[in-house]
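J.: Take the sequence shown: its position 44, counted from the start at 1, is 41 in this note's numbering, and no numbers get skipped.
A single structure is presented below for examination.
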Amino acid sequence: MNSLAAVKVAEKQLASRAAVGTEPSIFAAIYQPEVNIVIWQRQLAKTLCAAVDELINSKQLKPLEIAVAPENTYDELTRILGNSEAVSILSKDIALQVDMFCCLFDLKRAGLRLTMLDKAMCPRFHVDKIPCRLVSTYQGVATEWLAHEHVDRAKLGAGNNGLTDEESGLFNKPEQVQKLTKGDVALLKGENWQDTEGAGLVHRSPAVTRNSQRVLLTLDFM
């Protein structure tokens, strides 16, 4: 990389930011070079929250890791989880997200993972070696992330020298840790997005409190 190109990359990385909106149309901002997280802030409908609660309490909800297409997501989920009204409500919402994700990135299929967690899945801050991932939390605490300008990337991975994220110097102040909320649908740009090396979103799973559960949906490129 020549010096001019290196300067342009550095300027872009310094400008990396979040795009936040209350309508799903905000997703188009993922194509802006300076954006590394897009957040559609939404309130889950009471019927959807009640459906998720019912599925958890009845133990009808189960971990899933499947490939789906927009046209078959609902049928696949109801085939696996059952034909109850609660399953139908959740499956319709997930199918909507699959449809938006595939349409946005011109994908025929997506990798769908639905996970029930009673502890943090990825408790350390990290960046994913992928193009982009959709994450949404239906129950419990949601994903934590750091703005690009607050991260010392030399402290990621082995660079932490065995210290916790809070001790390593990865970030300076506790208030710099930002959090999604239940219901938010976010697109997290990874290191494999074109021209994003060194500026992928740094994030981690939150700590799950005792006797609680987190229900997380993720969608990935196939």
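Glycine is no exception: its CB is placed at the ideal position from the N, C-alpha and C atoms.
Since this is a predicted model, take the numbers as computed values, not measurements.
Which residues share a DSSP beta bridge with Phe218?
T.: Its beta-bridge partners are Ala107.
J.: Does Glu164 come out as helix, strand or coil in the three-state DSSP assignment?
T.: If DSSP states are grouped into helix, strand and coil, Glu164 belongs with the helices.
J.: Measuring only the C-alpha atoms, how far is Phe102 from Ala47?
T.: Cα to Cα, the separation comes out at about 31 Å.
J.: Could you spell out where the alpha helix (DSSP H) holding Arg76 opens and where it closes?
T.: First-last of the alpha helix (DSSP H) with Arg76: Thr70 to Leu78.
J.: So, are the CB atoms of Thr140 and Leu198 less than 7 Å apart?
T.: The answer is no: Cβ separation not under 7 Å.
J.: Tell whether a beta-carbon distance below 7 Å holds between Asn189 and Pro128.
T.: Cβ atoms of Asn189 and Pro128: closer than 7 Å.
J.: Nearest by alpha-carbon distance to Leu131: which of Phe168, Arg76, Gly187 and Leu52 is it?
T.: The shortest Cα separation from Leu131 among Phe168, Arg76, Gly187 and Leu52 belongs to Gly187.
J.: In terms of residues, what are the limits of the beta strand (DSSP E) holding Gln136?
T.: Looking at the DSSP string, the run of the beta strand (DSSP E) that includes Gln136 is Cys129 to Gln136.
J.: If we count the other Cβ atoms within 10 Å of its Cβ and call it buried at 16 or more, is Ala204 buried or exposed?
T.: With fewer than 16 other Cβ atoms within 10 Å, it is exposed.
J.: Tell me the rounded alpha-carbon separation between Ala15 and Gln210.
T.: For Ala15 and Gln210, the distance between alpha carbons rounds to 27 Å.
J.: What are the start and end residues of the alpha helix (DSSP H) that includes Asn54?
T.: Counting along the chain, the alpha helix (DSSP H) containing Asn54 begins and ends at Lys43 to Asn54.
J.: Short check: CB of Gly137 to CB of Asp217, under 7 Å?
T.: Not in contact: Gly137 and Asp217 (Cβ atoms no closer than 7 Å).
J.: Between the stretch 165 to 175 and the stretch 70 to 87, are three or more C-beta pairs nearer than 8 Å?
T.: Not touching, per the Cβ criterion.
J.: Mind pulling the beta strand (DSSP E) runs of 3 or more residues that sit fully within the stretch 180 to 212?
T.: For the stretch 180 to 212, whole beta strand (DSSP E) runs of length 3 or above, ordered along the chain, are 182 to 186 and 199 to 201.
J.: So, with DSSP's three-state summary, where would you put Lys176?
T.: Lys176: strand per DSSP, three-state reduction.
J.: Buried or exposed: which applies to Tyr28, given that a residue is buried once 16 or more other Cβ atoms fall within 10 Å of its Cβ?
T.: Under this definition Tyr28 is an exposed residue.
J.: With H, G and I counted as helix, E and B as strand and the rest as coil, what does DSSP make of Ala148?
T.: Looking at the sequence provided, one finds Val at residue 148 rather than Ala. In the structure shown, Val148 sits in coil (DSSP, three-state: anything other than H, G, I, E or B).
J.: Return the CA-CA distance between Leu111 and Gly18, expressed in angstroms with no decimal places.
T.: If I take the Cα positions, the gap works out to 24 Å.
J.: Rank Lys56, Ser55, Leu58 and Ile91 by C-alpha distance to the C-alpha of Thr70 and give the top, closest one.
T.: Comparing Cα-Cα distances from Thr70 to each of Lys56, Ser55, Leu58 and Ile91, the minimum goes to Ile91.
J.: If you run the structure through DSSP and keep just helix, strand and coil, what is Ala64?
T.: Note: Ala64 maps to strand in three-state DSSP.
J.: Between the C-alpha atoms of Asp72 and Glu62, what's the straight-line distance to the nearest angstrom?
T.: Roughly 15 Å between the two C-alpha positions.
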